[in-house]
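Residue numbers (our numbering): 4 to 273.
Structure first, then comments.
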Amino acid sequence: MTAPDLLSFASAIAAGAIRVVDLTETLSPDFPTIVLPPELGQCAPFRMEEISRYDERGGFCYWNNITVGEHCGTHFDAPIHWITGRDLSDNAVDTLPAAHFVAPAAVIDCSDEAADDADFLLTIPRVEAWEAEHGQIRPGQWVLFRTDWSKRRGRAYANLLEDGAHTPGPDSDVMKWLVETRGILGFGTETIGTDAGQAHHFVPPYPAHHFLHGGGRYGLQCLTHLDLLPPTGAVVVAAPLKIKNGSGSPLRVFALVNNERTSLQTDDQP
Numbered sequence: 004m005t006a007p008d009l010l011s012f013a014s015a016i017a018a019g020a021i022r023v024v025d026l027t028e029t030l031s032p033d034f035p036t037i038v039l040p041p042e043l044g045q046c047a048p049f050r051m052e053e054i055s056r057y058d059e060r061g062g063f064c065y066w067n068n069i070t071v072g073e074h075c076g077t078h079f080d081a082p083i084h085w086i087t088g089r090d091l092s093d094n095a096v097d098t099l100p101a102a103h104f105v106a107p108a109a110v111i112d113c114s115d116e117a118a119d120d121a122d123f124l125l126t127i128p129r130v131e132a133w134e135a136e137h138g139q140i141r142p143g144q145w146v147l148f149r150t151d152w153s154k155r156r157g158r159a160y161a162n163l164l165e166d167g168a169h170t171p172g173p174d175s176d177v178m179k180w181l182v183e184t185r186g187i188l189g190f191g192t193e194t195i196g197t198d199a200g201q202a203h204h205f206v207p208p209y210p211a212h213h214f215l216h217g218g219g220r221y222g223l224q225c226l227t228h229l230d231l232l233p234p235t236g237a238v239v240v241a242a243p244l245k246i247k248n249g250s251g252s253p254l255r256v257f258a259l260v261n262n263e264r265t266s267l268q269t270d271d272q273p
């Protein structure tokens, strides 16, 4: 195998032949966090406290203290996050193989279905239909579930009703199949969790968490701009903070795309 030319790769990014697409929501106090039943622990929202801003408190510098839960904003789930992955080796964010933070992605567009049904579920037949058009999902790939949910704002994003959240996600069978049959690296969504909003009713409950983390795989949540990615060919870079024994972390996620494969733009994508 010929050694890759890393300098040519870097030059292609600088020249715009390879486009960098930011898949990360802006971390701010206003961004929604997951809401669990009150008897359970809650994820702390993002908070920022100014230390100084070129004034008598610090003179020449501007900086802040921040507090944030591990599973806030666009974030990464490690296997140790779920009970099914608690006994695996190297299962926390500080011990995961760094090579896993760079991997190709299969993007399954279910935005039309999610627009019609907030509780839409990804199924094996739906993935097989995608594979018939784009090729079989390969081991070690991310599967990114495009719903365009990230285009929602305010209350419509969390979509909390009296019986809990109503957001799209995978069903139990497809998660077991993606992990055990397709051998995916992980599963990414545009919603607050990798599971559907009503997944506490599924068997097993929260199947994305159950099968992903029990299989030593990863989750990404609160992604955005998946509409700028091709169905295949993008490479995702997703490196969580190196927190000792951490179950996950907010992170900056981006995708590398051959520029000729997409000409779409958004206001903050030059």
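We put the CB at the ideal spot given by N, CA and C, even for glycine.
Residue i versus the options, residue with shortest Cα-Cα distance
i, options, result
"Thr-36", "Gly-172, Gly-236, Gln-224", "Gln-224"
"Arg-185", "Phe-205, Ala-161, Phe-214, Val-256", "Phe-214"
"Ala-118", "Gly-219, Gly-88, His-169, Glu-134", "His-169"
"Ala-109", "Asp-120, Tyr-209, Leu-188, Ala-199", "Leu-188"
"Phe-12", "Ser-250, Pro-243, Val-238", "Val-238"
"Arg-155", "Val-130, Ala-121, Glu-134, Arg-220", "Ala-121"
"Glu-28", "Ile-246, His-228, Gly-249", "His-228"
"Lys-247", "Thr-98, Ser-92, Ala-199", "Thr-98"
"Ala-132", "Trp-66, Pro-234, Leu-9", "Pro-234"
Residue i classed as buried or exposed, judged by whether at least 16 other C-beta atoms fall within 10 angstroms
i, result
"Gln-144", "buried"
"His-204", "exposed"
"Val-206", "exposed"
"Phe-79", "buried"
"Pro-128", "exposed"
Cα-Cα separation, residue i to residue j
i, j, result
"Asp-176", "Gly-62", "58 Å"
"Pro-32", "His-216", "28 Å"
"Lys-211", "Asn-261", "Note that residue 211 corresponds to Ala in the displayed sequence, not to Lys. Those two C-alpha atoms are separated by around 30 Å."
"Ala-6", "Asp-25", "28 Å"
"Ala-101", "Glu-165", "41 Å"
"Arg-22", "Pro-173", "29 Å"
"Thr-126", "Asn-162", "22 Å"
"Ile-111", "Gln-201", "21 Å"
"Tyr-160", "Ile-195", "8 Å"
"Leu-244", "His-84", "14 Å"
Close Cβ partners of residue i (< 8 Å) along its chain, the five nearest in sequence each way excluded
i, result
"Val-240", "Phe-104, Val-105, Val-256, Phe-257, Ala-258, Leu-259"
"Cys-75", "Leu-30, Phe-34, Thr-36, Cys-46, Ala-47, Pro-48, Phe-49, Pro-253"
Near the ligand ZN: residue i beta-carbon under 6 Å from a heavy atom
i, result
"His-212", "The ligand ZN is not among the ligands present in this structure, which contains no ligands whatsoever."
Contacting residues, own chain, Cβ-Cβ under 7 Å from residue i (five flanking each side not counted)
i, result
"Asn-68", "Glu-52, Ile-54"
"Arg-60", "Ile-54"
Beta-carbon proximity list for residue i, same chain, < 6 Å, skipping 5 on both sides
i, result
"Thr-150", "Cys-113, Ser-114, Ala-117, Pro-171, Glu-193"
- Message: Three Cβ pairs or more, each shorter than 8 Å: is that satisfied between the stretch 42–60 and the stretch 6–23?
- Response: The stretch 42–60 is not in contact with the stretch 6–23.
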